[in-house]
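Notes follow once the structure below has been shown.
Protein chains: 2
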Amino acid sequence: MFFMKWLEWRFLIISHAFEIYAGMIAAVFTVLGIWLAQKLSKPKIKVVTIEKESPVIGPEFILNERALSETGISARELEVLELMAGGLSNQEIAARLFVSLSTIKTHSSNVFFKLEVQRRTQAVEKAKRLGLIP
Amino acid sequence: MFFMKWLEWRFLIISHAFEIYAGMIAAVFTVLGIWLAQKLSKPKIKVVTIEKESPVIGPEFILNERALSETGISARELEVLELMAGGLSNQEIAARLFVSLSTIKTHSSNVFFKLEVQRRTQAVEKAKRLGLIP
DNA sequence: TGTAAAATCAGACTAAAGTATGAGGGCCGG
DNA sequence: CCGGCCCTCATACTTTAGTCTGATTTTACA
Numbered sequence: 005m006f007f008m009k010w011l012e013w014r015f016l017i018i019s020h021a022f023e024i025y026a027g028m029i030a031a032v033f034t035v036l037g038i039w040l041a042q043k044l045s046k047p048k049i050k051v052v053t054i055e056k057e058s059p060v061i062g063p064e065f066i067l068n069e070r071a072l073s074e075t076g077i078s079a080r081e082l083e084v085l086e087l088m089a090g091g092l093s094n095q096e097i098a099a100r101l102f103v104s105l106s107t108i109k110t111h112s113s114n115v116f117f118k119l120e121v122q123r124r125t126q127a128v129e130k131a132k133r134l135g136l137i138p
Numbered sequence: 005m006f007f008m009k010w011l012e013w014r015f016l017i018i019s020h021a022f023e024i025y026a027g028m029i030a031a032v033f034t035v036l037g038i039w040l041a042q043k044l045s046k047p048k049i050k051v052v053t054i055e056k057e058s059p060v061i062g063p064e065f066i067l068n069e070r071a072l073s074e075t076g077i078s079a080r081e082l083e084v085l086e087l088m089a090g091g092l093s094n095q096e097i098a099a100r101l102f103v104s105l106s107t108i109k110t111h112s113s114n115v116f117f118k119l120e121v122q123r124r125t126q127a128v129e130k131a132k133r134l135g136l137i138p
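For the record, the sequence lines run as chains A and B. Position in the first sequence (first residue = 1) + 4 = my numbering. Position in the second sequence (first residue = 1) + 4 = my numbering.
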């Protein structure tokens, strides 16, 4: 029985040798094709942009020249305004700028007038809004 | 001459019929393989992530509770501090909160003590730094 | 229920801040 | 060279801010 079966197989293989050969070639080259496709195909590139919140990197202050000229605030007055914003008293500002208290009072009064306010806290607040100080 | 060439070709084709056949099969199935690969394989996706710096859009203010408890500033005192930062005088703050001027003076004095400052401008400046007010 | 913190207010005082007015000197452009 | 602006300073005065002391009431909490 075994022998018979084997003979049958042998016959089949021999008589269909070409077809088997062709099939093997087909199989091998199909695999080759798949492999080629995988190797050669360019990957699709998907670009994902991620918005990253940067915690206020640039404290870069740019003076608002327009507002400055519109208010008519002078260089010295702006200096006083900056120190004022730093929380200094008129006395301390005077010492810092090597001038008298009277001078600072005059300057600050002028600043208040030009900014249309009546208190230093308001002046600082408005000056910041206008971009006159950081 | 032409005839000779043709004969030569013919001979070549016939004698190598099998190889040509095999080659064609190989070619066809290579293409099939490529096609299969294209159809069946998931498309390769290469994900490129790009970090994009965005300059903090939201000026959303979040109160710094830590600093608040550390300084020991009470709710009412914080209210006064906020109005103070708005440039209001003690008189105006008193009117706004329906209390007397004395009360506001007491509150502000307490705030100055807790923030370790001596002037309202300094208090406002420091409070902003600490995240107590916007 | 006692108490500690918070909120309220007052009076008195000191210290700043702000206003008003005037004035002198420096600098610049018409 | 003069008028206008800026910077400076002073004096006098008013207003606001800030300190200190002391007190009452409310609220929250153990």
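For each residue, glycine too, the CB sits at the ideal point set by N, CA and C. Predicted model only: the values in this text are computed from it and were never measured.
- Per DSSP, A/N94 is one residue of the alpha helix (DSSP H) stretching across 94–101.
- When B/G135, B/L136, B/M88, B/L67 are compared, the shortest CA-CA separation from B/S113 is found for B/M88.
- Residue-level contact by beta carbon holds for A/A41 and chain B, with a gap shorter than 7 Å.
- With the criterion set as a beta carbon lying under 9 Å from some beta carbon of chain A, the members of the region 69–101 of chain B are M88, A89, G90, G91, L92, S93, in sequence order.
- If you look at B/S73, you'll find it in the alpha helix (DSSP H) that goes 69–75.
- Of all residues in the region 110–133 of chain A, the ones placed with a Cβ closer than 9 Å to any Cβ belonging to chain B are V121, Q122, R123, R124, T125, Q126, A127, V128, E129, K130, in chain order.
- Taking a 10 Å sphere around the C-beta of B/R133, we find fewer than 16 other C-beta atoms and assign the residue as exposed.
- Under a 10 Å Cβ-count criterion, B/E120 is classified as exposed, with fewer than 16 other Cβ atoms of the shown protein chains found around its own Cβ.
- A Cβ-Cβ separation of about 17 Å leaves B/L92 out of contact with B/L136 under the 8 Å criterion.
- Judged by DSSP in its simplified three-state form, B/V121 adopts coil rather than helix or strand.
- Between B/L85 and B/A131, the CB-CB gap stays under 7 Å.
- Taking 7 Å as the cut-off, the beta carbon of B/V115 is found closer than this to the beta carbon of B/A127.
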